[in-house]
Amino acid sequence: MGRTLQNTMINLGLQNACDEAVYQLGLDMEELEEIEEDAGLGNGGLGRLAACFLDSMATLGLAAYGYGIRYEYGIFNQKIRDGWQVEEADDWLRHGNPWEKARPEYMLPVHFYGRVEHSASGAKWIDTQVVLALPYDTPVPGYMNNTVNTMRLWSARAPNDFNLRDFNVGDYIQAVLDRNLAENISRVLYPNDNFFEGKELRLKQEYFVVAATLQDIIRRFKASKFGSTDSVRTVFDSFPDQVAIQLNDTHPAMAIPELMRIFVDIEKLPWDKAWDITKRTFAYTNHTVLPEALERWPVGLVEKLLPRHLQIIYEINQRHLDHIACLFPNDVDRLRRMSLIEEGDTKRINMAHLCIVGSHAVNGVAKIHSEIVKTQVFEDFAALEPEKFQNKTNGITPRRWLLLCNPGLAELIAEKIGEDYVRDLSQLTKLHEFVDDDLFIREVAKVKQENKVKFALYLEKEYKVKINPSSMFDVHVKRIHEYKRQLMNCLHIITMYNRIRRDPAKLFVPRTVIIGGKAAPGYHMAKMIIKLINAVAQVVNNDPMVGSKLKVIFLENYRVSLAEKVIPATDLSEQISTAGTEASGTGNMKFMLNGALTIGTMDGANVEMAEEAGEENLFIFGMRVEDVTELDRKGYNAQLYYDRLPELKQAVDQIRSGFFSPKDPNLFNDVVNMLFHHDRFKVFADYEAYVKCQEKVSELYLNSKAWTKMVIRNIAAAGKFSSDRTIKEYARDIWHVEPSDLKIPPPNEPRDAGRDKTPNGTAA
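At position 45 of the sequence shown the residue is numbered 45 (full-length UniProt numbering), and the sequence of numbers has no breaks.
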């Protein structure tokens, strides 16, 4: 979520008033804003997407809740020591959190372990261990519409009789100390991005958030006029018309068997009715196609922790496979491929399969990704129910990612096309009229230059490095992962360095290359990549032959509040994943909206950005998905590229020989060995096209006016990538609710002031 103060002032229309009031108290609002800690309750794009979605849902007047875990420790703080990443705990609640309100009156029990008893009256899950879920509510204000939604985060609490009701009578002290075991569930965020780690505590977290949330939803449904009761039982027929639950990846997949358990075991609905309601309630968003990221929980672990849920999953699977056997008799291989249970040394539950079978809609997050989901990853399921599969291209909130972080540009745009674009970003197309307006071109360039100077000052203050603000700011910020190919950027840096040294007199367009992002603590290769970038920076930044022509900076502890500083200052945005690996990307959109040009592959939302702006207004290079597939078919041989390309050979040899690590010449052996022998992401295959494309970038940068005109064309084409557009599509195609752009009357006006504006029909 990042910081909340400035976003709240903007959405409430109070920023100028607050700035002025604080100034009159002899304080500086910007200094005050810097004191607030980021709420870093997610890993990367997935968690930030949820935050943008909350902003858009409130702005569109949807009655929507964001549910999650109130981690005591969020994503770790990254320190760089001697070029290596070192993790520190993110104690973000140390000074308290003024934005949250604990709601002990809505505390709910969550059960673990135990056993299942079957009787004539049905299944009973008994002898369980109970953990309490304490909700904390954070307000989510819409933009200037007097709407405030809720983000409800659950914190784990031990019940007061924890460990005191059984055999521990003697050891009261130990029993109280053991409360930590229960409360550890919400202690810390698992720091993996695009990687599955099948740990028991992680499964506990996933079930914890799901069980508390579903109880909360059902409590609210029963309290509404729709939860009508005939004598004793609630009638749940209207449940899917009143409730839509969107599964953000497979992490909350246990919600499907949990809702079935509530309906069948507790509410005593017949299976078929319960299953129909469940399917109509859930929809699933897939966020990755990397096989190592797909959640596959060992059956033994689920059986121990959630025995009843395993039985329900088996029953779902049995009925699912019976259905497929009817349609495709004697096709045992299809049954094996489509089963929710994977056979092998350890039987596993494929959570993506569970989500597909248990949802009425499945979507990818960019056109190309949704195609890959349909035709490759889940092709058997798409063949069965093609109408279930959709695309919903990701977006970003223009409130945080333009108004908040780039007020200079936001104001400049408003002067030309008015202020309405903030709620309807498609209006940015009006900027096309000004692409040849010399004054506007100069003003856009001036805003960018001011942002660069401000960021250069920040870098000087924080990192004690002096950088040239007239150099091209070439920025690559995102989680460190092999598929995102920070290594390819690194090879380009080394290539530029070698070219400067080979011919110091030759014209070279000065660059400041900024790379930032966190590596998962257990991801050895990602940590080596960080060390390599820092080792290269050490050599490049201290070579007198290079001077101010080339500077390399590794940006420590990349997070939302730092993104808000670096993105508005960026000239060139690096989006260089191997085609077919980045589901969408959202950083790409933030850079586009803030006046950077993109160098990128035809991957994720880059494809649609090129479609919107015209491919000639992005620097697109390298293999397409088809080329990657073809190269896999032929077999990728890294050695071929190394032998054919002298500059690549020189760069790789320097890494291998210890040119960048003279004290330990073998330091980067693992990296070099990977690049030659098991590089799944084919860095060498795109190296030549990448370097050539970068030459075109430098050439255009020399012509400031032509560069800025291309920038304006990009900003004018960024409208599609508002999360408001994305959420309208979810609302229309999946949730079946109507967004409302009506402004609720403010609290100081009588309630009926807005009555005549209220449309017919019931709020969802």
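The C-beta atom is built at its ideal place from N, Cα and C for all residues, glycine as well.
Remember, it's a predicted structure, so these values are computed and weren't measured experimentally.
Would you tell me roughly how many angstroms separate the C-alpha atoms of H432 and A717, rounded to the nearest one? 9 angstroms
Beta strand (DSSP E) segments (min. 3 residues) lying fully within the stretch 19 to 77: 65 to 69
How would you call G587, buried or exposed, if buried means at least 16 neighbouring beta carbons within 10 angstroms? buried
Tell me the rounded alpha-carbon separation between I530 and T570. 21 angstroms
Proximity to K268 [Cα-Cα], best of T234, Q246, V243: T234
With a threshold of 16 other CB atoms inside 10 Å of the CB of Y67, please say whether the residue is buried or exposed. buried
Might you give, ordered along the chain, the residues of its own chain that have their beta carbon closer than 8 angstroms to the beta carbon of D756, omitting 5 neighbours on each side? Legend: pLDDT at D756 = 39, less than 50; position of this residue unreliable, no value from coordinates given.
Can you check whether the CB of L164 is closer than 9 angstroms to the CB of A175? yes
W84, buried or exposed, once every other Cβ within 10 Å from all chains shown has been counted against 16: exposed
Can you list the beta strand (DSSP E) stretches of 3 or more residues lying completely in the stretch 136 to 168, in chain order? 148 to 157
Evaluate H309 with the Cβ neighbour count: other Cβ atoms within 10 Å of its Cβ, from every protein chain shown; 16 or more gives buried, anything less gives exposed. buried
How many angstroms separate the CA atom of R280 from the CA atom of D237? 11 angstroms
Could you pull out every residue in the same chain whose Cβ sits closer than 8 angstroms to the Cβ of I316, ignoring the five residues on either side in sequence? I256, P257, M260, W275, L340, L354, V357, G358
Counting C-beta neighbours from all protein chains within 10 Å, is the total for A102 16 or more, i.e. buried, or is it exposed? exposed
Residues that DSSP places opposite A102 in a beta bridge: Y136
Just list the residues that DSSP pairs A283 with in beta bridges. Q246
Would you identify the three-state DSSP class for K743, choosing helix, strand or coil? coil
Between I69 and L12, which are expected to be in contact by the criterion C-beta below 8 angstroms, what is the C-beta distance as a whole number of angstroms? About 27 angstroms; that fails the 8 angstroms criterion.
To which residues of the same chain is M710 closer than 8 angstroms at the C-beta, ignoring the five residues directly before and after it? L597, N617, L700
Assign M472 to one of three DSSP states: helix, strand, or coil. strand
According to DSSP, is F591 part of a helix, a strand, or is it coil? helix
With respect to the alpha helix (DSSP H) encompassing A255, which residues constitute its N-terminal and C-terminal limits? 255 to 261
Leaving out five residues on either side along the sequence, give the residues of the same chain with a beta carbon under 6 angstroms from the beta carbon of K478. K484, G517, G587
Close-in-space but distant-in-sequence residues of the same chain around Y558 (CB under 7 angstroms, 5 per side omitted): V477, G516, G517, K518
Would the beta-carbon of E647 fall within 9 angstroms of that of V691? yes
Locate the beta strand (DSSP E) running through K124, then write down its first and last residues. 122 to 126
Does the stretch 316 to 327 come close enough to the stretch 217 to 226 that 3 or more CB-CB pairs lie under 8 angstroms? no
Which residues share a DSSP beta bridge with F619? I599
Are the stretch 45 to 54 and the stretch 489 to 506 touching, with three or more C-beta to C-beta distances below 8 angstroms? no
What do you get for M545, buried or exposed, if any count of 16 or more other CB atoms within 10 angstroms of its CB means buried? exposed
Give a yes or no on whether the C-beta atoms belonging to F196 and A133 are separated by under 9 angstroms. no
Meets three-Cβ-pair contact criterion under 8 angstroms: the stretch 114 to 132 and the stretch 5 to 25: no
For W707, name the three-state secondary structure that DSSP assigns. helix
Buried or exposed by the 16-neighbour rule on C-beta atoms within 10 Å, applied to A753: Unreliable placement is indicated for A753, whose pLDDT of 45 sits below 50; no coordinate value is reported for it.
CA-CA distance, P745 and G61? 13 angstroms
Span of the beta strand (DSSP E) around F389: 389 to 391
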